[in-house]
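Peer 1: Questions regarding the structure given below will be posed in turn.
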Amino acid sequence: IYSGTRKRYYRSSLELLRKAQKRWSESAAKPEFILQLGDIIDGLNKSRGASELALNTVLREFGSSPGEVHHVWGNHEFYNFSRSAL
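Below, the structure written as structure tokens:
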């Protein structure tokens, strides 16, 4: 459980995704697909009632990707949702 005492390095992840998408869009060689390897939302969203909002925010950003996006769900997604919901 996160105690609030250590730096969480993924806080800028959405901005980094936007920058990557911009580069991919400007590149002559665009990716055919993007493989998202899980843990795209914080496990703490469930206790805050923010699971749906967090997931929809990230998925909306991936929707702007120049290639097809494939998701592999990680443990953070399963902390927030049932398997059938994902």
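Just so you know, the UniProt record's numbering puts 72 at position 72 of the sequence shown, and the rest follows in order with no gaps.
Virtual Cβ for every residue (Gly too), placed ideally from N, Cα, C.
Since the structure is predicted, the reported quantities are computational estimates derived from the model, not experimental observations.
#1: According to DSSP, simplified to helix, strand and coil, what is residue 81?
#2: Using C-beta distances below 8 Å, list every residue in its chain close to residue 46, excluding the 5 sequence neighbours before and after it, in chain order.
#3: Do residue 31 and residue 67 have their C-beta atoms closer together than 7 Å?
#4: Using the beta-carbon count (16 or more within 10 Å), is residue 15 buried or exposed?
#5: Check for me: the alpha helix (DSSP H) holding residue 58 runs from which residue to which?
Peer 2: Let me lay it out:
#1: Coil, per DSSP.
#2: Within the same chain, residue 46 has close Cβ partners 79, 80.
#3: A contact, by the Cβ cut-off of 7 Å.
#4: Around the Cβ of residue 15, a 10 Å sphere holds fewer than 16 other Cβ atoms; the residue is exposed.
#5: First-last of the alpha helix (DSSP H) with residue 58: 51-62.
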